[in-house]
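Going line by line, the protein sequences match chains A and B. Note that this note's numbering has the first sequence beginning at 757, numbered continuously upward. Note that this note's numbering has the second sequence beginning at -7, numbered continuously upward. What follows is a short report on a single structure.
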Amino acid sequence: MTKPRRDRFRKALGVLGPFAGLVLVIAIFSLIPEIQARFLRVANFTSVATQSVIVALGALGMTLVIISGGIDLSAASNIALSSVIAAYAINAGAPPLAAVVLGVLTGAAVGLANGALITRLRLIPFIVTLGMMGIARGAAKWIAGNQKIDAPMTWVNELMARSPRPSWLLVAPGVWGVILLAVLMAVVLRRTVFGRHVFAVGSNESTARLCGIRTGRVKVLIYVTGGLFCGLAGVMEFSRLTVGDPTVAIGLELDIIAAVVIGGGSLSGGEGSILGTMIGVMIMSFLRNGCTMMGWPNYIQEIIIGAIIVVAVTLDRMRHRQE
Amino acid sequence: MTTAPESPLVLRMTGVTKTFGATRALDDVSFELRRGEVRALLGENGAGKSTMMKVLSGALAPDSGTMEIEGCPYAPSGPIDGFRAGLSIVYQELTLAPHMTVEENIMLGREAHAAGWLDRRSMKRKVREALEFVRHPEISAEVPIKKLSVGARQIVEIARALMNRSRILVLDEPTSSLSLEDSLRLFEIVRKLRDQGVAVIYISHFLEEVQKVADSYTVLRDGRNVGSGPMAGTGLEDLIQLMVGRKVDRMFPRVEHGIGETVLDLRELRGTRMAAHVSLTLSRGEILGIAGLIGSGRTELLRSVFGLDGIEGGCLVVSGVETGGGRPWARIDQGFGFLSEDRQGEGLALRMSVADNLALSDFSPYVRAGLLRTGRQRRAVEGWIDKMNIRTAGPDRKVLSLSGGNQQKVALARLLHQQASILLLDEPTRGIDVVSKAQVYEWIGELAREGRAVLFVSSYLPELLGVCDRIAVFHRGVLVDSRPAAEWDEHSLMSAAAVGRVPDGRDAFDKERTAE
């Protein structure tokens, strides 16, 4: 191959790689006769979309964190804590809207704590958020009295309803929320100065500092945003479960990170995109969905998703090495 | 001195040449080293010393030329061959594993064992012997390296090198991190090794120290061996003459510029990583050069001024306003711009595009209603690419894909783009080709003509003499002197940088020479 052609091929691989993966996953399951009919139903697609909402919300924030060269291991614990807080508030008689806001703010507060510890104490994000993972999970259990919090049904529980009301919405309001927020975050990342600064901090923090970027402030803002999305995901988790469960979403942070990485995010920072991340989320959701329909046990799904992560990152590395 | 000329040859390099692209890093270099000889290898930065040591160690293969060790042909295919041939190199930057103990480090890769089980007792004995030999028996074999001072680490490094029963020991700037006392001890060790028949190649910028410890010298300049001889009877002046003897060519386009009022006044400034207080002034339209060896405190001064390092004492007066410490973003608001000496590690985000690297310090011209107008940014950057003659396929290309000279132009263009009025340039021409260098000099002149102030740090003396209005010299963290460029020449600069003082009685002579 000539050089410019190879260049174009590589670039296409970066943009289309995850998308091709998604198409491949859907194509494979659509070709299996046993599940073909069920898999290709519109109802199945809307249910996959609804199941993706929580991971997708977490991943929107995580994309920023990972592009900046950081990591947030406390994401899943933060989701559990926020969902417990929202349930607690409704249970205590707060109006549903206030409960939602409170849940989201809880997530943002955890993010603020992460960001402040990382920048003030100059600790690495892995350590700070590993600690926060325990703290937030413990706090959730404490507030919930180590059991599920039952809350009366409100409109909040319809955010994740399988058949939305009004029916012209087609999918749950939560799904529409994710789509809107994804577009918003893509614009923030690509078309605002803050977005450029996120990339710069992840690409080379020394350069960013030297260019007058207030790297500490940028990082705090990134973790607050990450926390905010976890808070939203927590509210959605509560909406789905109709109870506040402090033991929910254990290990979900790894799914969230995996989605970002499959979508082209680099754990060494400086790379990633919202579109890629969303495709990553869908790849994982469709895999789960298809495997479940096939009646394959959980462990098969785990092996497949594990392998996909390795393959996705390997392809990405190969693309970079040739640059 | 003890070396008799007839003691047998240990190392002979003949006609060694090594080129990198168009640069001849080593050009037909021949070199000899005898048993029990301490030979100083001298030369300015970039003269070819490290390339020569890399060829010797086997890390680089020469393009042509031959080497012999004790009469046997020596053509190493990697550092392990050099090691086997009895060659040990103590590098300037330490190569010890910080979490492991002294003993583990010294024995690393040659652990005594029986069937894979470590023989602790025999290792302990060997380490003890090694530490006694280097006259530092007080260093405990059990402590982790990270708990030792830098000086002690250097000693451990040397002890490890000697475990190899080396016939040839290379010390690369061994005293740059040592106290005076430790340096003296090191000289004793070197003499003792010499008396035992080890041949030592001693690389250092500190000429007085070299005179104390070496028996003979070889000077490299522009990749060529320009002189060798016995140290006895050779003066500092002679060595400096050999090191800088290149003729200054006309690659410095002189841009006429007038000097205005003071914009930056450093009053007894001392940064957290600076060794001493520094007072300097810089005026509008002035190019102030800062000379000194690597590690002499020039970079630390610039970093403190720009707020990358903290400030411990004194203050800066910027355009008449007194300020203490300031973060880089605040300095940029005051009109400062900083060019890092570490272009790839710090100066540029290599994986970001040319457009983003260039505009990174100031996106404000392209923002409307909070959104970045990327089309506008691209067009503006295309303008800069034309203006600065940056060779790239387009503003969207990653900086990584550009050559060193073009990368440097991007870094410089950033300062112009942000309209900095006080430019702090740390080695702006390092590692770039001659044509780009000449362009950089012209831009610096243009900047001064526009009334901006430039602090220009460089290790390359001809460019300082050719471009600057005034030159200040640092030696081991202390500002030695600051004078108009016309009152300096390469000799006086080199001796101020390498010895810490300007030779007496030369000043009048210098002035005469520059006048003619």
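Note that CB positions come from ideal geometry on N, CA and C, so glycine has one too. All values reported here derive from a predicted model rather than from experimental measurement.
Quick check on DSSP: helix, strand or coil for residue i?
{"i": "cysteine 986 (chain A)", "result": "helix"}
{"i": "isoleucine 874 (chain A)", "result": "helix"}
{"i": "alanine 488 (chain B)", "result": "helix"}
{"i": "asparagine 217 (chain B)", "result": "strand"}
{"i": "valine 240 (chain B)", "result": "Model confidence at valine 240 (chain B) stands at a pLDDT of 41, short of 50, so the residue's coordinates are unreliable; what they give is reported in the following sentence. Note: valine 240 (chain B) maps to coil in three-state DSSP."}
{"i": "aspartate 1072 (chain A)", "result": "helix"}
{"i": "alanine 1014 (chain A)", "result": "helix"}
{"i": "threonine 967 (chain A)", "result": "Note on residue identity: the sequence assigns cysteine, not threonine, to residue 967 (chain A). DSSP places cysteine 967 (chain A) in coil when its eight states are reduced to three."}
{"i": "glycine 284 (chain B)", "result": "strand"}
{"i": "methionine 888 (chain A)", "result": "helix"}
{"i": "lysine 10 (chain B)", "result": "strand"}
{"i": "isoleucine 382 (chain B)", "result": "coil"}
{"i": "serine 824 (chain A)", "result": "coil"}
{"i": "serine -1 (chain B)", "result": "coil"}
{"i": "alanine 900 (chain A)", "result": "coil"}
{"i": "valine 494 (chain B)", "result": "coil"}
{"i": "leucine 407 (chain B)", "result": "helix"}
{"i": "arginine 323 (chain B)", "result": "helix"}
{"i": "threonine 315 (chain B)", "result": "strand"}
{"i": "phenylalanine 179 (chain B)", "result": "helix"}
{"i": "threonine 167 (chain B)", "result": "coil"}
{"i": "arginine 360 (chain B)", "result": "strand"}
{"i": "glutamate 292 (chain B)", "result": "helix"}
Sort out for me which residues DSSP pairs residue i with in a bridge.
{"i": "cysteine 307 (chain B)", "result": "B:Arg259"}
{"i": "arginine 31 (chain B)", "result": "B:Ile193 and B:Ser208"}
{"i": "glycine 329 (chain B)", "result": "B:Leu415"}
{"i": "alanine 464 (chain B)", "result": "B:Ile282 and B:Ser474"}
{"i": "glycine 1000 (chain A)", "result": "A:Ile905"}
{"i": "arginine 370 (chain B)", "result": "Paired residues: none, contrary to the question."}
{"i": "leucine 816 (chain A)", "result": "DSSP output for leucine 816 (chain A) lists no bridge partner at all."}
{"i": "valine 162 (chain B)", "result": "B:Ile81 and B:Ile193"}
{"i": "lysine 583 (chain B)", "result": "As displayed, chain B neither begins before -7 nor continues past 508, which places residue 583 (chain B) out of reach and without an answer."}
{"i": "proline 222 (chain B)", "result": "B:Ser208"}
Can you list, in chain order, the residues of its chain with a C-beta nearer than 8 Å to that of residue i? Leave out the 5 residues immediately preceding and following it.
{"i": "lysine 427 (chain B)", "result": "In the sequence under discussion, the amino acid at residue 427 (chain B) is valine, which differs from the lysine named in the question. Closer than 8 Å at the Cβ level, and outside the excluded window around valine 427 (chain B), lie Gly397."}
{"i": "methionine 99 (chain B)", "result": "Met115, Lys118, Val119 and Met155"}
{"i": "valine 21 (chain B)", "result": "Met5, Gly7, Val8, Thr9, Gly40, Met44, Gly57, Leu212, Gly215, Arg216 and Asn217"}
{"i": "glycine 982 (chain A)", "result": "Gly817, Met818, Leu820, Val821, Asp828, Ala831, Gly867 and Asn870"}
{"i": "valine 313 (chain B)", "result": "none"}
{"i": "glutamate 165 (chain B)", "result": "Gln84, Ile195, Ser196 and His197"}
{"i": "proline 852 (chain A)", "result": "Ile846, Thr910, Trp911 and Val912"}
I'd like the list of long-range same chain contacts for residue i, defined as Cβ closer than 6 Å, with 5 residues on each side in sequence excluded.
{"i": "asparagine 1045 (chain A)", "result": "Val804"}
{"i": "histidine 483 (chain B)", "result": "Ile232"}
{"i": "lysine 239 (chain B)", "result": "With a pLDDT of 46 at lysine 239 (chain B), under the threshold of 50, the modelled position of that residue is not reliable, and the figure given next carries that caveat. Excluding residues within five positions, none has a Cβ falling inside 6 Å."}
{"i": "glycine 458 (chain B)", "result": "Phe244"}
Can you list, in chain order, the residues of its chain whose CB lies under 7 Å from that of residue i, leaving out five sequence neighbours each side?
{"i": "aspartate 241 (chain B)", "result": "Below a pLDDT of 50, predicted positions are generally treated as unreliable, and aspartate 241 (chain B), at 48, falls in that range; the measurement from the model is reported next regardless. So the list is empty, once near-sequence residues are dropped."}
{"i": "histidine 934 (chain A)", "result": "First, the amino acid is wrong: residue 934 (chain A) is valine here, not histidine. Cβ within range, chain order: Val809, Ala812 and Leu813."}
{"i": "alanine 122 (chain B)", "result": "Ile98, Ala151, Leu154 and Met155"}
{"i": "leucine 185 (chain B)", "result": "Leu161 and Val192"}
{"i": "histidine 105 (chain B)", "result": "Asp111"}
{"i": "threonine 11 (chain B)", "result": "Ala17 and Asp55"}
{"i": "threonine 971 (chain A)", "result": "Val957, Glu961, Ala964 and Arg965"}
{"i": "valine 205 (chain B)", "result": "Val30, Phe179, Val182 and Tyr194"}
{"i": "glutamate 304 (chain B)", "result": "Arg262, Gly263 and Thr264"}
{"i": "glutamate 1027 (chain A)", "result": "Ile823, Gly1020 and Gly1021"}
Just checking: is the beta-carbon of residue i within a distance shorter than 8 Å of some beta-carbon in chain E?
{"i": "threonine 948 (chain A)", "result": "Included in the structure are the protein chains A and B, with no chain E among them."}
Where the segment 975 to 991 of chain A meets chain B: residues whose CB sits under 7 Å from a CB there: none
Segments of 3+ residues assigned as beta strand (DSSP E) that fall wholly inside the segment 95 to 158 of chain B: none
Against chain B: residues of the segment 950 to 975 of chain A by CB proximity under 8 Å: Residues Gly951, Arg952, Phe955, Ala956, Ser959, Asn960, Ser962, Thr963, Ala964, Arg965, Leu966, Cys967, Gly968, Ile969 and Arg970.
3-residue-minimum beta strand (DSSP E) runs that sit fully inside the segment 422 to 456 of chain B, ordered along the chain: For the segment 422 to 456 of chain B, whole beta strand (DSSP E) runs of length 3 or above, ordered along the chain, are 445 to 449.
Residue ranges of each beta strand (DSSP E) within the segment 912 to 980 of chain A, 3 or longer: none
Where the segment 1018 to 1049 of chain A meets chain B: residues whose CB sits under 8 Å from a CB there: Gly1026 and Glu1027
Every unbroken alpha helix (DSSP H) inside the segment 1012 to 1055 of chain A [4 residues or more]: 1030 to 1050
Positions along the segment 135 to 157 of chain B whose CB lies within less than 8 Å of some CB in chain A: none
Beta strand (DSSP E) runs wholly inside the segment 63 to 88 of chain B, at least 3 long, in chain order: 79 to 82
Against chain A: residues of the segment 366 to 388 of chain B by CB proximity under 8 Å: Thr366
Selection of the segment 306 to 320 of chain B by Cβ proximity to chain A, strictly under 7 Å: Of all residues in the segment 306 to 320 of chain B, Pro320 have a Cβ within less than 7 Å of some Cβ in chain A.
Against chain A: residues of the segment 345 to 369 of chain B by CB proximity under 9 Å: Asp348, Asn349, Ala351, Leu352, Ser353, Asp354, Phe355, Ser356, Tyr358, Val359, Gly362, Leu363, Leu364, Arg365 and Thr366
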